[in-house]
Each structure stands twice: as structure tokens, then as C-alpha cells.
Amino acid sequence: MKRITLKVGSGVLTENNTIAKQRMLNLVSFIVNLKSFYEVILVSSGAVSSGYTALKLDRKKHISKKVLAAVGQPILMSNYKALFDIYDMDTSQVLMTEEDFDSVAHIEIFRQIIDSQIEHDILPIVNENDITTISEQVFGDNDQLSAHVAHHSDSDMLVILSDIDGYYDKNPNEHDNAVMFKLVKEIPKAELEKPDSSTHEFATGGIVTKLKAAQFMLDKGREMFLCNGYDLTSAKEFLIDGEHNKGTLFSR
Ligand code: ADP
Numbered sequence: 010m011k012r013i014t015l016k017v018g019s020g021v022l023t024e025n026n027t028i029a030k031q032r033m034l035n036l037v038s039f040i041v042n043l044k045s046f047y048e049v050i051l052v053s054s055g056a057v058s059s060g061y062t063a064l065k066l067d068r069k070k071h072i073s074k075k076v077l078a079a080v081g082q083p084i085l086m087s088n089y090k091a092l093f094d095i096y097d098m099d100t101s102q103v104l105m106t107e108e109d110f111d112s113v114a115h116i117e118i119f120r121q122i123i124d125s126q127i128e129h130d131i132l133p134i135v136n137e138n139d140i141t142t143i144s145e146q147v148f149g150d151n152d153q154l155s156a157h158v159a160h161h162s163d164s165d166m167l168v169i170l171s172d173i174d175g176y177y178d179k180n181p182n183e184h185d186n187a188v189m190f191k192l193v194k195e196i197p198k199a200e201l202e203k204p205d206s207s208t209h210e211f212a213t214g215g216i217v218t219k220l221k222a223a224q225f226m227l228d229k230g231r232e233m234f235l236c237n238g239y240d241l242t243s244a245k246e247f248l249i250d251g252e253h254n255k256g257t258l259f260s261r
């Protein structure tokens, strides 16, 4: 069975300072469906935004953001647990930092933990552990974390569920005539050096971090698919029906 790592952004999971329960349920039932076809690992953002649903601290302040993440991680996980329980699916919490991928020994432990969970039919839910870490130890965005998770767990593909339908020749929120790329074989170096362009107050990525994740996957001989996480139709068509209608595939 092929293995995929699925990454979902904060925007999909929260709305107006609450957990977007219907979207989360759609995601959960999609993952349950996917598990008949793939081994699945989920990388989920949303700890800070979940924390903000309970506690209104200034998330621009470094320590407040960490407090929000500490408060929000169990809120996020208990929401996932309640929804996966409907389908009788076991989940786990795997918190990682950049340092956890910087030695062969660490990577080996990570791989074995993921393999063992999948063997026992547990869905690993990975997030960045940015609570006590200093900035050098964290990825800062889950796009790059998810690329590392995908590679080191030997996933065939990374699927990023975003607030956008795919990768365009220019920002589609600013240009009506932006055209989506269906297949990207190479990413121009200049695109990888552009500043962050995230659209949500809790997002830390933007398109550039997604392109960096895609570049990492391409360099490792793996693929990435970027598609909409609010409406999972294109993800379902691509991953389950084998039809590529919308969404961008990064592949050599
Ligand atoms: P997420 O919450 O899924 O991580 P982000 O807001 O961080 O999403 O990143 C996606 C956003 O990047 C899009 O909503 C869009 O506004 C912006 N963006 C900038 N340039 C592009 C582009 N060329 N193609 C697609 N999206 C782009």
C-alpha cells in the first residue's frame, strides 16, 4: 500500500476564533476513506489558533504564542479524538522539532515510531512542538515540517490541503487572471526566495513555504500535491478516483 503524508493548515481548521467543526469532520471522514487506499500520516497545524479559542492572548508576542500553543494543542487533539472516535479510529500525538530530524539516530527512532503506529492501525497526528523550543530548533511552519515527515516516513507523496486550489503563476487573491499550474517539474529559484505571503492571521507559511516543501520533496525523488482543504473534492478526485482535475502536482 502506498503511504501519504497529509498536511492541513490552521485556516481550514478554525474560523472566527472557533474550531471549524464541520470542516474538521469532513477532513476526518476523508482520512477514514483514504485509509482504505493508503497508509496515512496527518500533519496538523492549528494549536495556536485552537488556543486562541479559549484564551485571548496576543499571539504576536513570542511567549504568548507559546502559551497559546500549549493551551491549544490538547484542544486540537481532543477535537480530533472526538471525531475519529465516531469511526472507531485510533490516533496519536507526535510532537516534533527541527532538531528531531538532525541526526540519523533521531530519524531512525521517528521512522520506527511511525511504522509501528501504522502497523497497529493508529493514525499519527504530527505537529510542531514549539512550546519550549528556541527559534533555531523549530521549522516555524508546518509546510517544511510536513516535507520532513513525508520524506523520513518514506511517504510516496506529500499532500498539502490549503486555502487555495493550487499553485498559480501569480497570487490569485490579487490577480483575477492568475492561471493555475497543473504539473510543476521544476520550481524557479527566484520563487523560492520571495517573502512570506500567508493570508491568515494564524498561518506562518504562504505559498513560498509550500514551494520550499515541494522543492525538498522533488530533491528527494518524491511528489507533492497542493490542493484545496476547504473543499476536499479535488483531493478526493486525485487520491481516490485517480482523476487530476484541480490542484498542482509537483513531480519530476
Ligand atoms: P495555509 O493556511 O494553507 O498554509 P497560506 O495562507 O499560508 O495557506 O498560503 C496560501 C496563500 O498563498 C494563498 O491563499 C494565496 O493568497 C497566497 N499566494 C501567493 N502567491 C501565490 C501563488 N502564486 N499561488 C497560490 N497561492 C499564492
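Take 10 as the starting number for the sequence shown in the working numbering and just add one per residue.
Where is the CB? At the ideal position from N, CA and C, for every residue including glycine.
Predicted model only: the values in this text are computed from it and were never measured.
Task: Neighbour-count burial assignment, ARG261, 16 or more Cβ in a 10 Å radius - done: exposed
Open item on the list: Given this structure, state the Cα-to-Cα distance separating LEU258 from ALA159, to the nearest angstrom.
Closed with: 15 Å
Task: Candidates GLY215, ILE122 and ASP94, of which the one nearest SER171 by Cα - done: GLY215
TODO: Output the residue ranges of the beta strand (DSSP E) runs that lie fully inside the segment 116-176 and measure 3 residues or longer, sorted by chain position.
DONE: 131-137 and 166-171
Task: Proximity of LEU132 and VAL49 at Cβ, strictly below 9 Å - done: yes
- [ ] Return yes when the C-beta of ILE131 is under 8 Å from any heavy atom of the ligand ADP, and no when it is not.
- [x] no
- [ ] Work out the CA separation of PRO204 and LYS179 for me, nearest whole Å.
- [x] 14 Å
Open item on the list: On the DSSP letters alone, give me the boundaries of the alpha helix (DSSP H) that THR218 sits inside.
Closed with: 216-228
Task: Extent of the continuous beta strand (DSSP E) run through ASP99 - done: 99-105
TODO: Below 7 Å CB to CB, which residues in the same chain sit around ALA3 once its five sequence neighbours on both sides are set aside?
DONE: Summary: the structure shown does not reach residue 3, with the chain confined to residues 10 through 261, and so no result is reported for it.
- [ ] For my contact list, ALA273 and VAL80 are in at a C-beta cut-off of 8 Å; report their separation, rounded to the angstrom.
- [x] Since the first residue of the chain shown is 10 and the last is 261, residue 273 is not available in this structure.
- [ ] Please state whether DSSP places LYS75 in a helix, a strand or coil.
- [x] helix
- [ ] Confirm, please, whether the CB-CB distance from SER58 to LEU104 is below 9 Å.
- [x] no
Task: Three-state class that DSSP yields for ILE50 in the structure shown - done: strand
Task: Range covered by the alpha helix (DSSP H) that runs through VAL17 - done: Segment 11-17 is the beta strand (DSSP E) holding VAL17; no alpha helix (DSSP H) there.
Task: Beta-bridge pairing of GLU24 - partner residues as DSSP gives them - done: THR27
- [ ] Could you tell me if ALA29 is buried or exposed, where buried requires 16 or more neighbouring beta carbons within 10 angstroms of its beta carbon?
- [x] buried
- [ ] Along the alpha helix (DSSP H) that carries LEU202, what are the first and last residues, could you check?
- [x] The sequence shown places Glu at residue 202, not Leu. Unbroken run through GLU202: none, as it is neither H nor E.
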